[in-house]
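Residue numbers (this note's numbering): 13 to 199.
Backbone N, C-alpha and C define an ideal beta-carbon position, used for all residues, glycine too.
Remember, it's a predicted structure, so these values are computed and weren't measured experimentally.
The next block holds one structure in the form of structure tokens; read it before the comments.
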């Protein structure tokens with residue numbers, strides 16, 4: 013029984029390692045570009061969000077977008093003074109991305125009533141929302157890689173690199189705005 017069990021487990025392990033190495037080899041470019049994108053954008057997540065040093069966002073659009081999410085989930089509409097008028101679907105999906113962080117107790121998005129109240133919670137909520145924008149960017153990079161691979165039969169490295177290190181993509185990925193999500197949905 014021990015020999016049969018060991019042989020079976022050895023075969024399963026060898027197949028798993030072979031599939032894993034094939035996956036890594038066939039998707040090495042995508043993994044590398046996503047890694048490059050994350051290395052550039054993740055250090056900027058906390059830049060310019062409210063904290064004890066300054067009570068306001070450096071970019072006030074983020075405050076209004078955050079208010080829109082709050083109002084969509086509390087009143088059903090973002091057509092309330094202080095919130096941003098925009099794509100309701102984006103606000104709803106962004107609110108859904110807050111649910112895991114809310115369930116584990118990391119954030120409480122409804123605890124923020126004013127722009128100068130509860131700065132520690134504002135910082136946490138803003139960080140989670142900016143990370144959700146980065147996830148939209150990762151999705152965009154993966155989709156553009158699939159599109160380029162299916163349409164271009166030559167080397168895909170240069171167009172893929174130019175998309176990934178595009179200053180507009182990198183700049184807008186560091187703010188909680190709908191631009192990167194729109195790029196994802198267009199792709």
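Quick one: what's got a C-beta closer than 8 Å to residue i's C-beta in the same chain, skipping five residues either side?
i: residue 59; result: 70 and 186
i: residue 159; result: 199
i: residue 98; result: 77, 80, 90 and 190
i: residue 36; result: 43
i: residue 17; result: none
Note down the Cα distance separating residue i from residue j, rounded to an integer number of angstroms.
i: residue 27; j: residue 84; result: 48 Å
i: residue 189; j: residue 147; result: 12 Å
i: residue 184; j: residue 73; result: 12 Å
i: residue 193; j: residue 145; result: 7 Å
i: residue 131; j: residue 78; result: 14 Å
i: residue 66; j: residue 167; result: 47 Å
i: residue 38; j: residue 48; result: 18 Å
i: residue 103; j: residue 94; result: 14 Å
i: residue 201; j: residue 161; result: Residue 201 is absent from the model: the chain starts at 13 and stops at 199.
i: residue 56; j: residue 19; result: 49 Å
i: residue 142; j: residue 54; result: 9 Å
i: residue 68; j: residue 25; result: 53 Å
i: residue 197; j: residue 75; result: 23 Å
Taking all protein chains shown into account, do 16 or more other C-beta atoms lie within 10 angstroms of the C-beta of residue i, making it buried, or fewer, making it exposed?
i: residue 149; result: buried
i: residue 164; result: exposed
i: residue 107; result: buried
i: residue 169; result: exposed
i: residue 195; result: buried
i: residue 33; result: exposed
i: residue 122; result: exposed
i: residue 62; result: buried
i: residue 21; result: exposed
Tell me which residues share the same chain as residue i and place their Cβ nearer than 6 Å to its Cβ, disregarding the 5 neighbours each side in the sequence.
i: residue 109; result: 144
Looking only at its own chain, which residues have a Cβ that is under 7 Å from the Cβ of residue i, when we skip the five neighbours before and after it?
i: residue 23; result: none
i: residue 119; result: 110, 113, 133, 136, 137 and 140
Is residue i close to chain D? Criterion is C-beta to C-beta, closer than 8 Å.
i: residue 154; result: Note that chain D does not occur in the displayed structure, where there is just one protein chain.
(request) Scan the stretch 92 to 166 and note each continuous alpha helix (DSSP H) run of 4 residues or more that stays entirely inside, going in chain order. (result) 100 to 115 and 131 to 163
(request) Decide yes or no for the touch test of the stretch 78 to 92 against the stretch 111 to 118: beta carbon pairs closer than 8 Å, at least 3 of them. (result) No, they do not touch.
(request) Flag this pair as touching only if the stretch 149 to 158 and the stretch 173 to 182 have three or more C-beta atom pairs under 8 Å; answer yes or no. (result) yes
(message) Suppose only complete runs of 3+ residues qualify. What are the beta strand (DSSP E) ranges in the stretch 47 to 89, listed by chain order?
(response) none
(request) Please list the segments of the alpha helix (DSSP H) lying wholly inside the stretch 165 to 191, counting only runs of 4 or more residues, in order along the chain. (result) 169 to 176 and 179 to 184
(message) Quick check for students: name the residue ranges of the beta strand (DSSP E) that lie wholly in the stretch 19 to 45, counting only runs of 3 or more.
(response) none
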